[in-house]
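Residue numbers (my numbering): 109 to 477.
Read through the structure below, which is laid out as structure tokens, and then see the notes.
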Ligand SMILES: Cc1cc2nc3c(=O)[nH]c(=O)nc-3n(C[C@H](O)[C@H](O)[C@H](O)COP(=O)(O)O)c2cc1C
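Written out as structure tokens, the structure reads:
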């Protein structure tokens, strides 16, 4: 089934849907940065696949339920959240907007959703903590374990409430747009959670990506479930494993001490032709959904996408690129507007589905592919 399309946004018209921010951001960002945000690995089939999977489902909605003004709230790890959307960890947000991660985190706080900070942020975790909302810290494991434990301990001290261990990135996927653009951190930016040579990636030689080199030299390529067990034993914070697409890996993650899993293929930026996350979700939910929250990201662009993921058993979803575009366009205000759009779309679609609460989103509401 072809993916439905709606008319392209223009830069002049105010955004009315999440994807409108992309056109506006593209017009203002340097090409190398736009491509770094937008791109995926190799053929970018996994990027397209995440979107296509959402389009294959249709709703078998309920009528005469009396559901109006639906309640979008949920509880996760003891925190009340306003809606089932979180801001996914994404590196180097000052490349989108001068206020970078802090601006995005402020929007998350104002809206009552989780902000998940990347290890490779251009604002330090302590500064982002001043946004004061529900915050999680995404971890990449460095070859030097001392650096890794130091970051985890700092995150705990700065009030982060969960550690998200990303496991789909033993090395960086081949992002050809970045090779063509010789992508590296532009002058003036650094990884503010790190110091010395670890705080920089770049410049890159022609045809290379400085980020790919950084991953290959600095990060641990050979993580195993024993390392997850080590991490879960090191920190009192709940550890979520991000980048799982298989039920057996989800099960082993919980056995190794994880408290939740995020079904993700890194927005199609790692293994190309990775299974679409929505296609991977049901089996993971079947295996571990009764014991731990299962989250999903990849290609979520509409309130209806959120509802499809929840009906298939996700507790919440994360969005990546959409909020980078909104950040580029309007800083904190842009991200707030984006989140408000998601809120309105979710609320309207829940009413039309006949669901008054998130736990009423059940698989029978969907007509499968
Ligand atoms: C520009 C960019 C940078 C990213 N950086 C990270 C990162 O540092 N750590 C991480 O775990 N995931 C990272 N991701 C992946 C996101 O967390 C998320 O899995 C993905 O963006 C979701 O797909 P979507 O962009 O289609 O919403 C990044 C994604 C993008 C687009």
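Ideal Cβ placement from N, Cα and C applies to all residues, glycine included.
Item: Quick one: using the 10 Å Cβ neighbour count with 16 as the cut-off for buried, is residue 251 buried or exposed?; Value: exposed
Item: So, helix, strand or coil for residue 448, using DSSP?; Value: helix
Item: What is the DSSP secondary structure of residue 411, counted as helix, strand or coil?; Value: helix
Item: Less than 8 Å between the CB of residue 411 and some heavy atom of ligand 1, yes or no?; Value: no
Item: In whole angstroms, what separates the C-alpha of residue 167 from that of residue 473?; Value: 6 Å
Item: For residue 424, which three-state DSSP category applies?; Value: strand
Item: From the DSSP output, which residues share a beta bridge with residue 193?; Value: 425
Item: State buried or exposed for residue 463, treating a residue as buried only when at least 16 other CB atoms are found within 10 Å of its CB.; Value: buried
Item: So what's residue 267 in DSSP terms, helix, strand or just coil?; Value: coil
Item: Does the count of Cβ pairs from the stretch 346 to 361 and the stretch 320 to 327 closer than 8 Å reach three?; Value: no
Item: Between which two residues does the beta strand (DSSP E) carrying residue 246 extend?; Value: 243 to 247
Item: If we ignore side chains and look at the alpha-carbon of each, how far apart do residue 236 and residue 224 end up?; Value: 10 Å
Item: Look at the alpha carbon of residue 110 and the alpha carbon of residue 165, and state the distance between them as a whole number of angstroms.; Value: Low confidence applies here, because residue 110 scores a pLDDT of 45, under 50, leaving its location unreliable; read the following figure in that light. Between residue 110 and residue 165, the C-alpha separation is close to 12 Å.
Item: Nearest-angstrom Cα distance between residue 226 and residue 339?; Value: 17 Å
Item: Excluding the 5 residues preceding and the 5 following residue 471 in the sequence, name in chain order all residues of the same chain whose CB lies nearer than 7 Å to its CB.; Value: 419 and 420
Item: Whole-angstrom Cβ separation of residue 158 and residue 406, contact assumed at under 8 Å?; Value: 4 Å
Item: Which residues bound the alpha helix (DSSP H) around residue 406?; Value: It is not in any alpha helix (DSSP H) - residue 406 carries neither H nor E in the DSSP assignment.
Item: Hey, residue 292 and residue 378: beta-carbon distance below 9 Å or not?; Value: no
Item: On the three-state DSSP scale, how would you describe residue 383?; Value: coil
Item: Only counting the same chain, and skipping five residues up and downstream in sequence, which positions put a Cβ closer than 6 Å to that of residue 369?; Value: 349, 352, 358, 361 and 402
Item: From residue 458 to residue 173, what distance separates their C-alpha atoms?; Value: 11 Å
Item: Checking 9 Å against the spacing of the C-beta atoms, do residue 315 and residue 288 come in under that value?; Value: yes
Item: I want to check one thing, is the minimum distance from the CB of residue 330 to the heavy atoms of ligand 1 below 8 Å?; Value: no
Item: Comparing C-alpha positions only, which one of 321, 176 and 255 sits nearest to residue 279?; Value: 321
Item: Which runs of the alpha helix (DSSP H) spanning at least 4 residues fall entirely within the stretch 280 to 326, listed in chain order?; Value: 284 to 288 and 318 to 326
Item: What three-state label does DSSP hand residue 274 in the structure shown?; Value: strand
Item: Consult DSSP for residue 166 and reduce its assignment to one of helix, strand or coil.; Value: strand
Item: Could you have a look at residue 185 and say whether DSSP puts it in helix, strand or coil?; Value: coil
Item: Throw me the rounded Cβ distance for the residue 342 and residue 260 pair, which I believe falls under 8 Å.; Value: 6 Å
Item: Measuring only the C-alpha atoms, how far is residue 219 from residue 241?; Value: 9 Å
Item: Taking Cβ positions, are residue 468 and residue 414 nearer each other than 9 Å?; Value: no
Item: Which residue or residues does DSSP assign as beta-bridge partners of residue 145?; Value: Residue 145 is not bridged to any residue.
Item: Starting from the C-beta of residue 263, find all residues in its chain whose C-beta is less than 7 Å away, skip the five residues before and the five after it, and write them out in chain order.; Value: 233, 245 and 271
Item: From the DSSP output, in three-state form, read off residue 228 for me.; Value: coil
Item: Alpha carbon to alpha carbon, how far is residue 239 from residue 307?; Value: 23 Å
Item: For the alpha helix (DSSP H) holding residue 236, just list the boundary residues, first then last.; Value: 233 to 237
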